[in-house]
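Read the structure below first, then the notes.
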Amino acid sequence: MAFYLLVATPFAGTLLFALFGSHARAAEINVVFSAVTFVAACALGAEVMSVGTLTLLHEQFCVDPFNAFLAVLTSFVGLTTAVYSRPYMRIEARRRQMSHASLRLYHAMYQLFVATMLIALTTNNLGLLWVAMEAATLSTVLLVTLYQTPASLAAGWKYFILCGVGIAQALFGTILLYIAAEKVLGAQGVSALLWTHLYAVKGQLEPRVLSLAFVFLLVGYGTKIGLAPLHNWLPDAHAEGPTPISAVLSGLLLNVAVYAVVRCKMLVAGALHTAWPSQMLMAFGMLSVVVGAGCLWRQREAKRLFAYSSIEHMGIITFAFGMGGPIANFAALLHLTAHSLTKSAIYFAVGTAAQKSGSSLLERIRGLVTVSPLLGWGLIVGALAILGTPPFGVFASEFLIFNTAIRDQPWATPILGLSLLVAFAAVIARVQPMVFGDTTARRLEPVPAAFPLVLHLGLALVLGVCIPPYGVAWYEAAAALIGGSP
Amino acid sequence: MNATPFVLQLLNALAALLLLLSFAMLAQRRVVTLVNLLALQGGILCAATLLLAWRTGEANLYVSAALTFSLKVCLLPWLLHRMIRRFGVYWDTDTLLNIPGTMLIGLVVVVFSFGLAQPITALASTATRSAVGIAVAVILLAFLTMITRRKAMSQVVGFLSMENGLFFGAMSATYGMPMIVEMGVALDVLVAMLVLGVFLFKIREQFDSLDLDHLSPTDEEP
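Protein chains in written order, with our numbering: chain S, 1 to 486; chain X, 1001 to 1222.
Here it is, written out as C-alpha cells:
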C-alpha cells in the first residue's frame, strides 16, 4: 500500500502541475505532494524493516533495506527542497519575469524527477532501472535551461548529450547482461532482467560477457555519478539551473546513479570471484577524488565550487563501495546520507546568498554574517561539515573509510588524505571571505526558508554525534545486503 | 556455410547493409541526407526484425518491428526533417576530421568491434548471432559520428543510429529485450527528441545559429 502511494503521488503531482502548475498556490501544493511522498516512503521503510524484503507487481519492483533507505532519503530531501523552493522561486519568478509556462514546467518536472528517481530505486527490473534513469535525466534537462541564459543552454546541451551517450553505454551493458542471463534463466523475457532472479543464479552467468557488461554499465552509470574523467557535464548542469534543482541534482540524482552501479557490482562481483570490479570502482573513485579536489582551486563561482566538491565526494563513496566489506559499505551509506543532507543545505545557503547579491560569482558574495547571521553561519558550518570536520556526519564516515583504507588498501591513504587536505584549503579559502568579508549590503531579514537549512545541518550533526539505534540497524542491514550476506 | 537457410542469408545481407549505412552516415555532410540514411537504417532494422519474427514465430518481435517502424522510420525522421526546415540547418561541413581520416578510424573500429563481440557470439544460441559483431560496429561507428560532428542535429542523428545498433544487437543475440523495456526505451527516445526540439528552438532564439561552437565551455566566462 505504502509503495503504491509512494510511486503514484509524484506522478499525480506531475499531471496536476502539467495543467495547473502556474497557479498562485502551486508551490504550496508542491510541498504537500512531496510531504505525502515522504510519509509513504517512511511507511514503506518501516514495513521493510519489520517484515523484510518485499516484491511487488509480479516482481517488477523489489524493496529491500538498501533501496528503502535511499527512497526515504530521496523523498526527504525532495520535501525540504520543495519547502526551500517556495520562497526562492517566488523571488526568481518576479526578478526574471518567468512566464506561466516556465513555472508550470518547473513544478511538473520537479514532481516527475522525484517520481522517476523513486522508480529507479525501487524497480527490480534492470531494464526499467535504465529507463527510469534516462527519464530522470530528461526531466531535469529542461530545468537546467529554465532561465534561458546562454550559459544555461550550453550547460543543458552538454548534460543532454553527454548523459545521453553515457546512458546508451549503460543500455548496451544491460543488453549484455540480458544475453548472459537468458542463457541461464531461459524463458524469453519474463525474468531474465529481474535483479532478484539474476542474483540467485549469479554463479552460473558467463563470466566474460558479464565482465564486458560491467565495464559498459560502470562507464554508463558512472557518467551520471560524475566520476572522472566522465564528469564534464556535472559542474555546468549543477551551476546553471535554479538552486533547488542544483540541490536535488547534487543531493539525490548522484545517489541514484551510485545505487545503480552498486547493484551491478553486487551482481558481477558475486559472479566473477575476482577483485577487478572492486578495483575498477576504487580506481574511478580515487581519480574522481583527486580531480574533484584539484579543480576546486580554479573555481570562481559558488555553485560550481560545490559541484566539484560533489564530484570529490562521489569519488569517496565509489571508492568505499569498491573496498567493500561491512564497515566500508556502512561508511559509504553513511557518507551518501551525510553528503546529501549537507550538500543540499549548502546549496540552500549559497542559493539564497547569490539571490541576495544578484550573482553567484565568489567575489560578489561578501560578508554574509553581516547580511544575515543565520545564512552566514549556516554556510560556514555547512562548508566545514562537508569538508569532514568533526562532529558532523561526513567526518564519521570519512573516518571509517580511512580506517578501512589503512587496513585494506594502504596505497590509497596518502592520496585520499592529501586530496582531502587540498579540498579543505581550497573551499575554506573561498568560503571564508564570502562569510566574513566586508560588505556594504543591507541586512536581509528574515531569511527565506531558513528551516530546511537548519534541519539538514542538524541532521548531519546527529549523524556524526550519535546515529539513532534504529538508523544503525538499518544501515547495517543495507551494508550486509551489499556485502552479499543474506 | 553452404547449409545456411535463405532467410538467414537475407538477414546477414541486411546486417551488412546496416553497417554500410553507418559508414555512409559517417561520410555524409548534408543533414537532410543524414536523416534519410537514418530512416533507411530504421527501415532495414524493421525488415530484419520482421524476418526474424516470421522465422522464429515470436510475437514479441512483431510488436518490436511495429514499434521500430512507427518510431524510427516514420515519426522521428519526420520530426527531424521538420526541425531541419524550421531551423534551416542543411549542411554540417565543419568536422573535426576530414572524411578519409574518419573512414580509416571507422575501419579500425569495425575490426575492434568484431573482437569485442567474440565472447557474446560464443555465448548466444540464436541463429543470427554472427550479426552481433556488426551491431557493436554500428554502435561504435555512431559514437564516432557523434564525436566528429559539430552541429547539434548531426550529433542527435548519431545518437539515434547508436540506438538502432543497440536494438539490432539485442535482437540478434537474444531475439529482443523484454517488451516492457523496449517500450520504455522507445518512450525515452521519443521524449528525448521532443526535448531536443525545445532545445534547438531555445538555442536559436539565443544565438541565431545552431552551431555548437557558440556553446563554448562556461569555464572561461566571467
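From the three backbone atoms N, C-alpha and C, an ideal C-beta is built for every residue, glycine too.
Asked, Found
"Please state the DSSP three-state secondary structure of A1016/X.", "helix"
"What are the residues in the region 137 to 153 of chain S lying within 7 Å of chain X by C-beta distance?", "L138, V141, L142, T145, Q148, P150, A151 and L153"
"How would you write the range of the alpha helix (DSSP H) that C1046/X sits in, first residue to last?", "V1031 to T1056"
"According to the Cβ coordinates, are G382/S and E398/S closer than 8 Å?", "no"
"Given a threshold of 16 other Cβ atoms within 10 Å of its Cβ, counted over all protein chains shown, does E182/S qualify as buried or as exposed?", "buried"
"Would you mind giving the Cβ-Cβ distance between M314/S and L227/S, rounded to the nearest angstrom? I have them listed as a contact below 8 Å.", "7 Å"
"Can you pull the chain S residues whose beta carbon is under 7 Å from the beta carbon of L1123/X, in chain order?", "I179, A180, K183, E206 and V209"
"Give me the residue from L379/S, P452/S, A331/S and F17/S with the minimum Cα distance to I467/S.", "A331/S"
"Using a cut-off of 9 Å between C-beta atoms, extract the partners of F451/S located in chain X.", "Chain X residues near F451/S: none, gap ~32 Å exceeds 9 Å."
"Ignoring anything shorter than 4 residues, give me the alpha helix (DSSP H) runs that lie fully in the region 192 to 268 of chain S, in order along the chain.", "195 to 200, 207 to 225, 233 to 240 and 243 to 248"
"May I have a chain-ordered list of the alpha helix (DSSP H) segments no shorter than 4 residues that lie completely inside the region 77 to 148 of chain S?", "100 to 122 and 126 to 144"
"May I have the straight-line CA-CA distance separating V394/S from L341/S, to the nearest angstrom?", "10 Å"
"Using the three-state DSSP reduction, which class does A1205/X fall into: helix, strand or coil?", "According to the sequence as given, residue 1205/X is Glu; it is not Ala. Residue state, collapsed to three classes: helix."
"Kindly list the residues whose CB is nearer than 6 Å to the CB of F1114/X, restricted to its own chain and excluding five residues on each side of it in sequence; keep chain order.", "G1133"
"From the beta carbon of G1115/X, is the nearest beta carbon of chain S less than 8 Å away?", "no"
"Determine the DSSP secondary structure at F392/S, reduced to helix, strand or coil.", "coil"
"Can you tell me whether DSSP reads E59/S as helix, strand or coil?", "coil"
"Rounded to whole angstroms, what is the Cα-Cα separation between F306/S and Q279/S?", "27 Å"
"So the candidates are V371/S, I380/S, P469/S and G376/S; which of them puts its Cα closest to the Cα of L444/S?", "V371/S"
"Identify the contact partners of L267/S in chain C, using a Cβ-Cβ distance below 7 Å as the criterion.", "In the structure shown, chain C cannot be found, because the protein chains are S and X."
"Note the first and the last residue of the continuous alpha helix (DSSP H) segment covering Y1062/X.", "A1059 to T1068"
"Among A155/S, Y347/S and I380/S, whose alpha-carbon lies nearest the alpha-carbon of Q432/S?", "I380/S"
"Is the CB-CB distance between V291/S and H238/S below 8 Å?", "no"
"Out of S344/S, P244/S and L210/S, state which residue places its alpha-carbon closest to the alpha-carbon of A271/S.", "L210/S"
"Hey, is the region 254 to 273 of chain S in contact with the region 196 to 205 of chain S, meaning 3+ C-beta pairs nearer than 8 Å?", "yes"
"Could you tell me the distance, in whole angstroms, from the CA atom of L488/S to the CA atom of A40/S?", "Here chain S comprises residues numbered 1 to 486, so residue 488/S is not present and cannot be evaluated."
"With a threshold of 16 other CB atoms inside 10 Å of the CB of P1077/X, please say whether the residue is buried or exposed.", "buried"
"Return the CA-CA distance between V36/S and L418/S, expressed in angstroms with no decimal places.", "44 Å"
"For L379/S, name the three-state secondary structure that DSSP assigns.", "helix"
"Residues of chain X with CB under 7 Å from E134/S, in chain order?", "D1188"
"So who's on the other strand from W1091/X, going by DSSP bridges?", "R1030/X"
"Could you tell me which residues DSSP puts in a beta bridge with E301/S?", "L361/S"
"Which residue comes first and which comes last in the alpha helix (DSSP H) that contains K183/S?", "P150 to L185"
"Closest to L44/S by CA distance: which of A449/S, A115/S and T122/S is it?", "T122/S"
"Along the alpha helix (DSSP H) that carries M282/S, what are the first and last residues, could you check?", "W276 to C295"
"Please check the pair Y1175/X and T1126/X, which I expect to be a contact at CB under 8 Å, by giving their CB distance rounded to whole angstroms.", "6 Å"
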